[in-house]
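Here this note's numbering = 1-based position in the sequence shown + 141.
For reference, the structure is listed below as structure tokens.
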Amino acid sequence: MGCRDLSFLPPTIFTALFFLLFPAACADLTYSVPEETRSQYVVGNIAKDVGLGVQGLSARKARINTEDSSKGYVDINLNSGDLIVVERIDREVLCGPRINCILNYELVLANPLEVHRIFLNIQDINDNAPRFLNEHINLEIPESAVKGQHFRLDEAHDSDIGQNGVNGYSLENNDNFVLFVKGNTENGKHAELVLDKELDREQKKNVDLILTVVDGGIPQRSATAVIHITVLDANDNVPVFSQPVYKVVLAENAPIGTEVVNVSAEDADEGANGAVTYEFSRIADNAVQLFNIDKVTGEIKVSGVIDYEEEKYYELRIQAKDGSGLASTASVVIDVTDENDNAPKIILTSVNNPIPENTVVGTEIAIINVQDKDSGENKQIRCSINGNVPFKLNPSIKNYFSLISTNFLDRESDKDYNITITATDGGSPPLSSSIIIHLSVSDINDNPPVFEQQSYTAYVMENNKPGTSISAVTAKDPDWRQNGTVLYSLFSSEINGVSVSSLLSINSDTGVIHAVRSFDYEKFRDFKVQIVARDNGSPPLSSNVTVSVFISDENDNAPQILYPAEEGKSLMTEMVPKSALSGSLLSKVIAVDADSGQNAWLSYQIIKSTDPGLFSIGLHSGEIRAQRDITESDSMKQNLVISVKDSGQPPLSATCSVYLLISDNLAEVPELKDMTYEESNSKLTFYLIIALVSVTTFFLTFIILILAVRFCHRRKPRLLFDGAVAIPSAYLPPNYAEVEGAGTLRGSYNYDTYLSTGSRTSDFKFITSYNDMTLTAEGTLKKVQNDTLAASLITLNNTTDDDEVRTNL
Ligand SMILES: *[C@@H]1O[C@H](CO)[C@@H](O)[C@H](O)[C@H]1NC(C)=O
Ligand SMILES: *[C@@H]1O[C@H](CO)[C@@H](O)[C@H](O)[C@H]1NC(C)=O
Ligand SMILES: *[C@@H]1O[C@H](CO)[C@@H](O)[C@H](O)[C@H]1NC(C)=O
Numbered sequence: 142m143g144c145r146d147l148s149f150l151p152p153t154i155f156t157a158l159f160f161l162l163f164p165a166a167c168a169d170l171t172y173s174v175p176e177e178t179r180s181q182y183v184v185g186n187i188a189k190d191v192g193l194g195v196q197g198l199s200a201r202k203a204r205i206n207t208e209d210s211s212k213g214y215v216d217i218n219l220n221s222g223d224l225i226v227v228e229r230i231d232r233e234v235l236c237g238p239r240i241n242c243i244l245n246y247e248l249v250l251a252n253p254l255e256v257h258r259i260f261l262n263i264q265d266i267n268d269n270a271p272r273f274l275n276e277h278i279n280l281e282i283p284e285s286a287v288k289g290q291h292f293r294l295d296e297a298h299d300s301d302i303g304q305n306g307v308n309g310y311s312l313e314n315n316d317n318f319v320l321f322v323k324g325n326t327e328n329g330k331h332a333e334l335v336l337d338k339e340l341d342r343e344q345k346k347n348v349d350l351i352l353t354v355v356d357g358g359i360p361q362r363s364a365t366a367v368i369h370i371t372v373l374d375a376n377d378n379v380p381v382f383s384q385p386v387y388k389v390v391l392a393e394n395a396p397i398g399t400e401v402v403n404v405s406a407e408d409a410d411e412g413a414n415g416a417v418t419y420e421f422s423r424i425a426d427n428a429v430q431l432f433n434i435d436k437v438t439g440e441i442k443v444s445g446v447i448d449y450e451e452e453k454y455y456e457l458r459i460q461a462k463d464g465s466g467l468a469s470t471a472s473v474v475i476d477v478t479d480e481n482d483n484a485p486k487i488i489l490t491s492v493n494n495p496i497p498e499n500t501v502v503g504t505e506i507a508i509i510n511v512q513d514k515d516s517g518e519n520k521q522i523r524c525s526i527n528g529n530v531p532f533k534l535n536p537s538i539k540n541y542f543s544l545i546s547t548n549f550l551d552r553e554s555d556k557d558y559n560i561t562i563t564a565t566d567g568g569s570p571p572l573s574s575s576i577i578i579h580l581s582v583s584d585i586n587d588n589p590p591v592f593e594q595q596s597y598t599a600y601v602m603e604n605n606k607p608g609t610s611i612s613a614v615t616a617k618d619p620d621w622r623q624n625g626t627v628l629y630s631l632f633s634s635e636i637n638g639v640s641v642s643s644l645l646s647i648n649s650d651t652g653v654i655h656a657v658r659s660f661d662y663e664k665f666r667d668f669k670v671q672i673v674a675r676d677n678g679s680p681p682l683s684s685n686v687t688v689s690v691f692i693s694d695e696n697d698n699a700p701q702i703l704y705p706a707e708e709g710k711s712l713m714t715e716m717v718p719k720s721a722l723s724g725s726l727l728s729k730v731i732a733v734d735a736d737s738g739q740n741a742w743l744s745y746q747i748i749k750s751t752d753p754g755l756f757s758i759g760l761h762s763g764e765i766r767a768q769r770d771i772t773e774s775d776s777m778k779q780n781l782v783i784s785v786k787d788s789g790q791p792p793l794s795a796t797c798s799v800y801l802l803i804s805d806n807l808a809e810v811p812e813l814k815d816m817t818y819e820e821s822n823s824k825l826t827f828y829l830i831i832a833l834v835s836v837t838t839f840f841l842t843f844i845i846l847i848l849a850v851r852f853c854h855r856r857k858p859r860l861l862f863d864g865a866v867a868i869p870s871a872y873l874p875p876n877y878a879e880v881e882g883a884g885t886l887r888g889s890y891n892y893d894t895y896l897s898t899g900s901r902t903s904d905f906k907f908i909t910s911y912n913d914m915t916l917t918a919e920g921t922l923k924k925v926q927n928d929t930l931a932a933s934l935i936t937l938n939n940t941t942d943d944d945e946v947r948t949n950l
């Protein structure tokens, strides 16, 4: 087989050369046939090409042999000598991507055997469309990819070759990518996506593009694939807060856990890049304990005690951070609102304590200051005083109040005050607080001692022991301590020339009055002293009271017989006319008693007589009367012993003798000489007679004077008559008590009148006033000082008891 395979040469040139070099034995035949022709498609006329003609072929039994056991796609139509296609030829199946697709056949001729090589060149037709292996192209491109970056796409495949193979790619219009095609027809073309504009995942997470591939055949075939681009996230977004500043109003004392605000920040990134955590980026020291923030939710909560009074305003800076540390901040401004949680406070700034009771009305006593830590209405404070106290609050500057008095103070009625001051704020509900100011009122010596009685009366028996307490006075002084300490003293004065201090003394502390000496009723019956009660203040205040001291009588004086002289001493003889009839007054015993009242109430009795039954004596008058007519037979000399007794307990008495001479003629009485005065008595008697005469003279003059006065004032008779003698009461001392009848004494015993009653013939009275007389220590008789007395007064001293006073009536 000397024929060579020349299939690699183009058919025509090959054939010509072949025939020149090898003219007889091995003439090769070359044909081209497009693939996919119909059956019976005529590739060429072999008969002609071999130069045998149709008959020759048939004669020589021409037939086609398949080399390499290839499939017999072609055969000879012996009738026409044509090479025809008998079976569908698919170049792609036969040759794949090979460019030259040549089937080798042999034309075998018999008689003589002749072999011609036939090269059947299969020509490609564009019967295959390009094709993507994967119609879905998934790409993941980070959004951070920079412009110009290439992303290789899968190459499309076309079973056809040459022009019919992949010719180009095109990309659907889009914002981000352009297509760049690389490679050539021989080695295949592929496309690359080129980033023309950067991706933003946050805008578009996915990009879908249609990639079209075309071949170069006619008609052109194409295919598409979908490029699905997933944009990968890059942490290119910071978290963004929903507000740059969160303004919140928070009430103070909001309980722990109260939500203040929920901040939130969005991060457009995804995953960790978009996971936001929150924290405080700047927080004042005083707020650290008060607020906390939830890292994840951004919820800010109260975690401590929010006190408006401590801080009214907080500003927190919060940071939101994503997973890779991109952060942004925002502010939370918290305005704390006031709650009325503070009671007002009262501060006693100054106080004058104690205050003197003579404080004038309106004096400022204390200054108080009120404070409330709250604000606004909660800080508006009203102050008041509870209860009924004589003080009020005057608003002063700002939060100051003055406590001033509104009335006079009197320590003696209110010695202290508890002033409760209440301050109430204006919150709702209001809060209040109060303080008590304890105010003492200090004493001023404004009260003089006051005696419990307006006057005091003391009675003391005469002959008391010196030092006896006779009475007590009490004075009260409500002032304090020495201002209320009472000291008693006697107001020094004189009583009848005697200093009171010689009569009485007073205990200056107790007010008990003592007698200094023994009193004698017959000297003083009463007197008045002034007691002064003085407090110890400075200056002291005092008051006084009158104490009337009355000395009570004791029967310490026996009756004294003035006439006749006492028994044994008197020689006086009374003449009785012989013709004296029964009942006629013959004589009279005159006795006095220095005591008073019952003690001086005298009764007379004849205890012994010469002729009992001849004479009688008036029990109280002392008048001696004839009991029967005197007869001649009666003894001339009659002797009576008379006892005078007072009515005291026990009674005291005295006796005297009366000598009666029944005679009409003095000469008949020879014994009269014997009855002359004793020498010792004559001198005194003489003086007494002179005194009596002068007193009688004075008395008569006075009577005349009275009568004259009486005539002048006839229309207004002011004279009191008692028997024959009238003593004008106007002339009597103020306490004079009249004697109305026998035995009846009236009124006080300051003045006592003793009188022999029942006698119409004896026209005088003895009036004795001890009160107005002054006794001398020596006991001498003194002229009565009270000249206005109508009666003649006889003053006696106790010490003159022995002296005999005789009055001749
Ligand atoms: C004031 O209070 C004091 C002490 O509590 C008490 O001893 C006093 O009696 C009170 N004074 C008045 C006037 O209530
Ligand atoms: C007594 O009163 C005077 C003023 O009259 C006063 O100064 C003094 O303090 C008072 N004494 C006492 C113990 O209260
Ligand atoms: C006694 O008090 C009265 C008034 O109460 C006064 O007029 C008189 O002077 C006082 N007498 C003496 C002795 O103090």
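We put the beta carbon where it would ideally sit given N, CA and C, even for glycine.
Treat the numbers as computed from the prediction; the structure is a model and nothing was measured.
- If you look at Val191, you'll find it in the alpha helix (DSSP H) that goes Ile187 to Val191.
- Using a 10 angstroms sphere on the CB of Leu722, the tally of other CB atoms stays under 16, which defines it as exposed.
- Ligand 3 has no heavy atom closer than 8 Å to the beta-carbon of Asn677.
- With a threshold of 8 Å, the Cβ atom of Ser610 does not count as near ligand 3, since no heavy atom of the ligand is closer than that.
- In the DSSP assignment, the residues bridged to Gln671 are Thr687.
- At a cut-off of 8 Å, the beta-carbon of Tyr558 counts as near ligand 1: some heavy atom of the ligand is closer than that.
- Looking at the DSSP output, Gln512 bridges to Lys486.
- As computed with DSSP, Met777 is found in no beta bridge at all.
- Secondary structure note for Ser525: its beta strand (DSSP E) is the uninterrupted segment Ile522 to Ile526.
- Contact fails between the region 243-257 and the region 339-352, because fewer than three Cβ pairs, one in each stretch, are under 8 Å apart.
- As DSSP reads the structure, Ser491 sits in a beta bridge with Ile508.
- Excluding sequence positions up to five before and after Glu177, its CB lies within less than 7 Å of the CB of Arg229, Ile230, Asp231, Ile266 and Asp268, all in the same chain and listed in chain order.
- Runs of the beta strand (DSSP E) spanning 3 or more residues and lying entirely within the region 535-582 occur at 541-546 and 557-566, in chain order.
- The Cβ atoms of Val401 and Ile475 lie closer than 9 Å to each other.
- In the same chain as Ala613, and ignoring 5 residues on each side of it, the C-beta atoms closer than 8 Å to its own belong to Thr651, Gly652, Val653 and Ile654, in chain order.
- Pairing Val473 with Ile441 gives a Cβ-Cβ distance under 9 Å.
- Look at Gln671: its beta carbon is less than 8 Å from one of the heavy atoms in ligand 3.
- Counting only the Cα atoms, Phe843 lies some 39 Å from Leu755.
- In this structure, DSSP gives Gln304 a helical state, which the three-state scheme calls helix.
- Counting C-beta pairs closer than 8 Å gives three or more between the region 340-355 and the region 366-377, which meets the contact rule.
- Counted as a single uninterrupted DSSP element, the alpha helix (DSSP H) harbouring Asp426 occupies residues Asp426 to Val429.
- Relative to ligand 1, the beta carbon of Ile576 is positioned no closer than 8 Å to any heavy atom.
- When rounded, the separation of the alpha-carbon atoms in Leu431 and Tyr387 is 17 Å.
- The beta-carbon distance between Ile225 and Gln264, rounded to whole angstroms, is 16 Å. This is too long to meet the 8 Å contact definition.
- In this structure, Asp555 has its beta carbon less than 8 Å from a heavy atom of ligand 1.
- In this structure, DSSP gives Tyr745 an extended state, which the three-state scheme calls strand.
- Runs of beta strand (DSSP E) with 3 or more residues, each lying fully within the region 240-280, are found at 243-250 and 255-264, listed in chain order.
- Residue range Gly329 to Leu336 is occupied by the beta strand (DSSP E) that includes Gly329, with no alpha helix (DSSP H) assigned at that position.
- For Leu726, the enclosing beta strand (DSSP E) begins and ends at Leu726 to Lys729.
- In the DSSP assignment, Gln460 falls within the unbroken beta strand (DSSP E) covering Tyr454 to Lys462.
- Taking the C-beta atoms as reference points, Ile205 is found no nearer than 9 Å to Gly194.
- Closest by C-alpha distance to Asp482, out of Pro571, Asp426 and Ile538, is Pro571.
- Of the heavy atoms belonging to ligand 3, none sits nearer than 8 Å to the Cβ of Phe668.
- A distance of 9 Å or more separates the beta carbons of Thr500 and Ile526.
- Under the DSSP definition of a beta bridge, Gln701 partners with Val733.
- When secondary structure is reduced to three states using DSSP, Phe827 falls in the helix class.
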